[in-house]
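In this note's numbering, the protein residues as written are 615 to 836.
Every residue gets a Cβ at the ideal spot worked out from N, C-alpha and C, and that includes glycine.
If you're wondering where the values come from, they're calculated on a predicted model, not measured in any experiment.
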Ligand code: CA
C-alpha cells in the first residue's frame, strides 16, 4: 500500500482541493486533467485507486474506465455532475467500484476512497464467510469441505470473491476467464455460475455467496 491515488479532473480548483484533502489523510494524490493521459499513466504507475471524472477533455470517463478494466482491477470511483447519470452508468456495466455525484464534500470523497480501499483490500485473502481459496492448487474449501470445482468454476469464484460487492457483467467475466473468447457465449457463464452455486449450496444451502444482479451480471455477497 503506497497510497497513490490518481485524481482525473479537468476543473483545476476542484482537483487541487481534493488533492489537499487526500494528502492530509495520508494519501499521495496525483492529478491529471486530460482524458488521453490517463490510461498510459495508469499502466505505467499503477495507482491504488482512481477518482475518475466523467466529462473530460480528450477522452471521456466511460471510455477510460473501459480501457482500464481491460487490463486492471484497480478500484475506480466515477465522479459525475448529474445524479441521474449514475443509473445510466450502472447500466453500462463499466465495473466501477463506486459513484460520486458533484457537488461533493471533499471529506465525503476521502471517506469513500477509504471505504473502497478497505473493500478491495480483501484481494489477497478472499476468505469470506468460511471460504478458503488455494490459488495454485485451484482448490476451494467452504467450512472445511472441498467444493471440488473445475478450473473455470474456481476462476469465477476467485475473481468474484476478490472484489466483494462489485458487480461483474457476463462480458467482463468471460474476458477475464477465457483466453479465447470466441468459443463462449453469455449462457456459458450462466451455466458455470449455476453449477458453482449448486456446489456451494451442497455444503451450505443457507449461504448464497454469488448473487445474480438482474439484467447486469453477478457479484460476490460481501
Ligand atoms: Ca469535468
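query: Residues in its own chain within less than 7 Å of residue 690 by CB, not counting five upstream and five downstream?
result: 664, 666, 679, 682, 710 and 711
field: Nearest-angstrom Cβ-Cβ length linking residue 714 and residue 746, presumed shorter than 8 Å
entry: Incorrect: roughly 34 Å between the Cβ atoms, too far for contact.
message: Using 9 Å as the threshold, is the C-beta distance between residue 676 and residue 706 below it?
response: yes
- prompt: In terms of DSSP beta bridges, what is residue 791 paired with?
  reply: Note: residue 791 sits in no beta bridge, so no partner.
query: According to DSSP, is residue 804 helix, strand or coil?
result: helix
field: Same chain only: Cβ atoms within 7 Å of residue 817, ignoring 5 sequence neighbours per side
entry: 756, 757, 759 and 761
query: Under three-state DSSP, which class holds residue 872?
result: Coverage of the chain is limited to positions 615 through 836, which leaves residue 872 absent and any answer about it impossible.
- request: With hydrogens ignored, establish whether the beta-carbon of residue 648 is closer than 8 Å to any heavy atom of ligand 1.
  value: no
message: Assuming contact is defined by CB atoms lying nearer than 9 Å, are residue 723 and residue 632 in contact in what I supplied?
response: yes
message: Please classify residue 834 as buried or exposed, where buried requires at least 16 other C-beta atoms within 10 Å of its C-beta.
response: buried
task: Collect the residues with a C-beta less than 5 Å away from any heavy atom of ligand 1 and give them in sequence order along the chain.
output: 624, 667 and 669
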